[in-house]
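Single-structure report; data block below.
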Amino acid sequence: MSGMLYQGHFSHFAPAARLPLSKVMEQSQAVSKLLEMQSVFDALPNVMMILNQQRQLVHCNQALLELLNIDDPKLILGKRPGEILACEHACENQAGCGTTETCRTCGAAFAIISSLCGQKTSQECRISVKRGDEREALDLLITATPFVLDDQCFTIVFINNISDEKRRQVLEKIFFHDIINTAGSLRGIVELLGSSKDPHIKQELLQDLEEVADALIEEILEQRDLMSAENNELVVRRVPLEAQKLLGQVVEQFANHPAARGIVLNLSENTENITFCCDPVLLRRILGNMIKNAIEASQPGETVKLGVVQKDRQVKFWVNNPQVMPREVQLQIFKRSFSTKGSGRGVGTYSMKLLAERYLQGKVSFQVSETEGTTFWASFPIEIKE
Numbered sequence: 001m002s003g004m005l006y007q008g009h010f011s012h013f014a015p016a017a018r019l020p021l022s023k024v025m026e027q028s029q030a031v032s033k034l035l036e037m038q039s040v041f042d043a044l045p046n047v048m049m050i051l052n053q054q055r056q057l058v059h060c061n062q063a064l065l066e067l068l069n070i071d072d073p074k075l076i077l078g079k080r081p082g083e084i085l086a087c088e089h090a091c092e093n094q095a096g097c098g099t100t101e102t103c104r105t106c107g108a109a110f111a112i113i114s115s116l117c118g119q120k121t122s123q124e125c126r127i128s129v130k131r132g133d134e135r136e137a138l139d140l141l142i143t144a145t146p147f148v149l150d151d152q153c154f155t156i157v158f159i160n161n162i163s164d165e166k167r168r169q170v171l172e173k174i175f176f177h178d179i180i181n182t183a184g185s186l187r188g189i190v191e192l193l194g195s196s197k198d199p200h201i202k203q204e205l206l207q208d209l210e211e212v213a214d215a216l217i218e219e220i221l222e223q224r225d226l227m228s229a230e231n232n233e234l235v236v237r238r239v240p241l242e243a244q245k246l247l248g249q250v251v252e253q254f255a256n257h258p259a260a261r262g263i264v265l266n267l268s269e270n271t272e273n274i275t276f277c278c279d280p281v282l283l284r285r286i287l288g289n290m291i292k293n294a295i296e297a298s299q300p301g302e303t304v305k306l307g308v309v310q311k312d313r314q315v316k317f318w319v320n321n322p323q324v325m326p327r328e329v330q331l332q333i334f335k336r337s338f339s340t341k342g343s344g345r346g347v348g349t350y351s352m353k354l355l356a357e358r359y360l361q362g363k364v365s366f367q368v369s370e371t372e373g374t375t376f377w378a379s380f381p382i383e384i385k386e
């Protein structure tokens, strides 16, 4: 078709070419023949979009306009779904939504492409959207169905927000699996304590009992704080901290973690004892997740290295494991509900980034090297900007 925009433009995934707005307007007028169905579309509680073969919007329902807080659908005609929903990756490539490297892992992109090939498809989509200065993590169920109108191919896309369902699944997994396991350990220690008569063994069991009880409380509080953080209700309490001392305490805490059996935790000799102000509870959560992820990614006999340095008026904590994170995982690592550990997981790296960047003026990032493995960084300012 002549007059295409971005014809031949580089794309990591879906075709980059799109129609100019004038052509999209013509298609929109053709689709307006469905106006007798508009009242039905508007009655639907979920967002509905009609896209052309270039994945551009030609029609939508009232639910989308209300979501975007706009009155005129012409403001979004010709845009692609990620651009409409403000996906944080949609503008990484000049050709827009569907053409970035991250789009290769997008459930919405897969569903729409399949539909344009003639197959009705449903896919879950994890997306981070920008709401002003804030990032919001959404879990969506995308259903895309092809249809033909006046010899032109379109796809109708329904979007169902399943974020609450995914959050419930995570909480169920934690409370029905992790916490029950911890409570089971607690009960086992109590039973041993009751049957033992050796005072030395009793003392060891009491220490184990205290550690398991603390772990149980910590798991519950971590989920409470994550929910508060997502609801913008989390209260930050900054106090002076010694970076090296705090990191050493977290390392000691994880030395006896079940997942750490056979894994060596090595605190770098170059670790600096920097004094700075931060919330110790939230920082422990972040560092704990960094260490836990590194431990779980490592094999028995391998070493997880840790440290903290000062650079550019920033306190930089780092955790390295020797495994090379696959590129497909790298593209999704900070998305809520994404996990390599199965369903009902996927909040560890997400919560690290949420707590550090929304509440502690920090930044969480990672580096992957074929020779050095995977290193996560958590950086925080020494001087807090009020």
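For reference, each letter of the sequence shown is one residue, going 1 to 386 in full-length UniProt numbering. Quick reminder that beta carbons are idealized off the backbone N, C-alpha and C, glycines included.
{"Query": "How many Å lie between S343 and E211 at the Cα?", "Result": "In this prediction, S343 scores a pLDDT of 48, lower than 50, which makes its location untrustworthy; the coordinate-derived value is nonetheless stated afterwards. Approximately 28 Å between the Cα atoms of the pair."}
{"Query": "Taking the DSSP output, what are the residues bridged to S122?", "Result": "T143"}
{"Query": "To the nearest angstrom, how far is it from the Cα of K33 to the Cα of I127?", "Result": "32 Å"}
{"Query": "What is the DSSP secondary structure of N256, reduced to helix, strand or coil?", "Result": "coil"}
{"Query": "Is L246 near L283, with beta carbons less than 9 Å apart?", "Result": "yes"}
{"Query": "Are the beta-carbon atoms belonging to L57 and I50 less than 9 Å from one another?", "Result": "yes"}
{"Query": "Among N321, L267, P322, which one has its Cα closest to the Cα of V308?", "Result": "L267"}
{"Query": "Quick one: grab the DSSP three-state call for E136.", "Result": "strand"}
{"Query": "Give, in chain order, every unbroken run of the beta strand (DSSP E) that is at least 3 residues long and sits entirely within the stretch 197–234.", "Result": "none"}
{"Query": "Give me, in chain order, the residues of the same chain whose beta-carbon lies closer than 8 Å to that of C91; leave out the 5 immediate sequence neighbours on both sides.", "Result": "E83"}
{"Query": "Beta-carbon within less than 6 Å of S114's beta-carbon, same chain only, minus the 5 sequence neighbours each way: which residues are those?", "Result": "T121"}
{"Query": "Measuring straight from C-alpha to C-alpha, what distance separates E370 and I295?", "Result": "18 Å"}
{"Query": "What are the complete beta strand (DSSP E) segments, minimum 3 residues, inside the stretch 306–351?", "Result": "314–321"}
{"Query": "In angstroms with no decimal places, state the Cα-to-Cα distance between A229 and H257.", "Result": "26 Å"}
{"Query": "When you compare only the Cα positions, how much space is there between residue 409 and F110?", "Result": "This structure leaves residue 409 out entirely; the chain is present only between 1 and 386."}
{"Query": "Between I159, R261, H200, which has its C-alpha nearest E124's C-alpha?", "Result": "I159"}
{"Query": "Take the Cβ of M290 as the centre, count every other Cβ of all protein chains shown within 10 Å, and call the residue buried at 16 or more, exposed below.", "Result": "buried"}
{"Query": "Suppose you measure from the CA of H12 to the CA of F380; what does that come to, to the nearest Å?", "Result": "33 Å"}
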